[in-house]
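Keeping their order, the protein sequence lines are chains A and B.
Following our numbering from start to finish, the first sequence increments by one per residue and tops out at 204.
Following our numbering from start to finish, the second sequence increments by one per residue and tops out at 538.
Even for Gly, the Cβ is constructed at its ideal location relative to N, Cα and C.
Remarks on the structure that follows.
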Amino acid sequence: MSTLRALKKLVLGETWVLPLGVAAVVCLTALAVKPLAEGNWDRMGGFVLLAGVVAVLLLSVARGARPR
Amino acid sequence: MTFVLVALGAGIAVSVELLEALAIVLAVGASRRWGDALIGAAGAVVACGLLAAVLGPVVLASVPLDALRVTIGLLLLLFGLEWLRKGTLRLAGRRARSSSLAEYVETQEALHDAPLPPAGQADWAGRIVAFKGVLLEGVEVVVIVCALAARPSGPAPALVGAGVATVAVVGGGAWLRRPLARIPETELKWGVGVLLSAFGVFFAAEGLGVDWPGGDAAILYLAATLGAVSQAQAHWLARAPVPA
Chain A
137 MSTLRALKKL VLGETWVLPL GVAAVVCLTA LAVKPLAEGN WDRMGGFVLL
187 AGVVAVLLLS VARGARPR
Chain B
295 MTFVLVALGA GIAVSVELLE ALAIVLAVGA SRRWGDALIG AAGAVVACGL
345 LAAVLGPVVL ASVPLDALRV TIGLLLLLFG LEWLRKGTLR LAGRRARSSS
395 LAEYVETQEA LHDAPLPPAG QADWAGRIVA FKGVLLEGVE VVVIVCALAA
445 RPSGPAPALV GAGVATVAVV GGGAWLRRPL ARIPETELKW GVGVLLSAFG
495 VFFAAEGLGV DWPGGDAAIL YLAATLGAVS QAQAHWLARA PVPA
């Protein structure tokens, strides 16, 4: 049982916020922002992705800082 | 410059993971028998080698370049952000600092109740603990190095970084017991988290067709941004009162 728990922790980490958040940010950026950005995508797309990743990091740390 | 950054990222990530695995092997060897600890560790190294031999070539040969970049970026983001999240909480004092010495003591305590078989008989408890510890840390090493090695510029920087780190950590294993307490693991892991997350954003965006201003130097300003945000949040959390 502890091995399964360790494997789950290895793959997904300690919180669902990060894998779900990263997946949501990448999907949203690729499927929604990229078609809207058109000519600006190649120069600005990376910064949109960075902003999403920063938001996911801030949210996951804020949740982790709460007392359990 | 990319060569140095990738080698540095792979080297530090591999060092930190190997340090944790080494702490477990040292604990098993010191409290049980060195032969069984090394047999367990060697089994895990063989398993990780097989995984790397399968994972690397299969991924490189079968996945289109852009999809590969996005996949590598996602993997690095998942590992990097998890390390960065924990690092931020540790720097803010909201989580215990990282310590391989604590892992060493915990492993010795976990094995304390299992009776040691007579000389000449295999100590399966010791072997399994050493195997499991090295395997779990080793799988992380394999995934991170394979991801960094799958860059179009080739696997050399990731392999050089990983090789130097392996020699340094394993070579230092004999006298590492006391210095384990002095290694600033929290800061090291935080730095690895920043670097892996920066590589993750860089590769994922490249796979989605982004042309980064400054080329490969973008990794530097991505790392600076992620590091600054994390430090700012750690400072803010350290000053904020802990809710009851």
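The criterion of a C-beta distance shorter than 8 Å is not satisfied by Gly188 (chain A) and Thr151 (chain A). With its beta carbon at least 8 Å from every one in chain B, Ala173 (chain A) lies outside the interface. For Trp506 (chain B), the closest Cβ of chain A is nearer than 8 Å.
Contact with chain A is absent for Leu405 (chain B), since none of that chain's Cβ atoms lies less than 8 Å from the residue's Cβ.
Take the alpha-carbon of Gly521 (chain B) and the one of Ile318 (chain B): they are about 30 Å apart. Per the C-alpha coordinates, the member of B:Gly494, B:Thr382 and B:Pro507 positioned closest to Leu442 (chain B) is B:Gly494.
Taking 8 Å as the threshold, the shortest C-beta distance from Trp177 (chain A) to chain B falls below it.
Counting the other Cβ atoms within 10 Å of the Cβ of Glu403 (chain B) gives fewer than 16, which makes it exposed.
Close partners of Gly503 (chain B) in chain A (Cβ separation under 8 Å): Lys170, Trp177, Asp178 and Gly181.
Between the stretch 445-460 of chain B and the stretch 299-318 of chain B there are three or more inter-stretch CB-CB distances shorter than 8 Å, so the stretches are counted as touching. The beta carbons of Gly487 (chain B) and Gly329 (chain B) sit no closer together than 8 Å. When 7 Å is used as the limit between beta carbons, Thr401 (chain B) is near no residue of chain A, the shortest such separation being about 13 Å.
In the displayed model, Val536 (chain B) falls within coil according to three-state DSSP, outside both helix and strand. Chain order gives the chain A residues near Gln527 (chain B) as Leu194 and Val197, where near means a beta carbon separation below 7 Å.
Judged by pairs of C-beta atoms under 8 Å, the stretch 494-511 of chain B does not touch the stretch 382-389 of chain B, as fewer than three such pairs exist.
B:Leu372 is the residue among B:Gln527, B:Leu372 and B:Ala315 whose C-alpha sits nearest the C-alpha of Phe497 (chain B). Straight-line measurement puts the Cα of Ala335 (chain B) at about 20 Å from the Cα of Val458 (chain B). By the C-beta density criterion, Ser309 (chain B) is buried, having at least 16 other C-beta atoms within 10 angstroms. The beta carbon of Gly381 (chain B) sits closer than 6 Å to those of Lys483, Trp484 and Gly487, all from its chain and outside the five residues before and after it, given in chain order. In this structure, DSSP gives Val158 (chain A) a helical state, which the three-state scheme calls helix. An exposed status is given to Gln415 (chain B), since fewer than 16 other beta-carbon atoms sit within 10 Å of its beta-carbon. Identification of chain B residues near Leu156 (chain A) by a Cβ-Cβ cut-off of 9 Å yields none; the smallest Cβ-Cβ distance measures about 11 Å. Of the residues assessed, Val428 (chain B) falls on the buried side of the cut-off, its CB having 16 or more other CB atoms within 10 angstroms.
Note on geometry: alpha-carbon atoms of Leu332 (chain B) and Glu434 (chain B) lie some 20 Å from one another. Taking the Cα of Leu362 (chain B) as reference, the smallest distance to any Cα among B:Ala347, B:Ala499 and B:Glu431 is reached at B:Ala499.
In this structure, DSSP gives Thr151 (chain A) a state outside helix and strand, which the three-state scheme calls coil. About 19 Å separates the beta carbons of Ala338 (chain B) and Gly466 (chain B), which is beyond the 8 Å limit, so they are not a contact pair. Interface with chain A (8 Å Cβ-Cβ cutoff): Leu359 (chain B) is excluded. A direct Cα-Cα distance of roughly 10 Å separates Ala160 (chain A) from Leu154 (chain A).
Note that the C-beta distance between Arg379 (chain B) and Leu193 (chain A) is below 8 Å.
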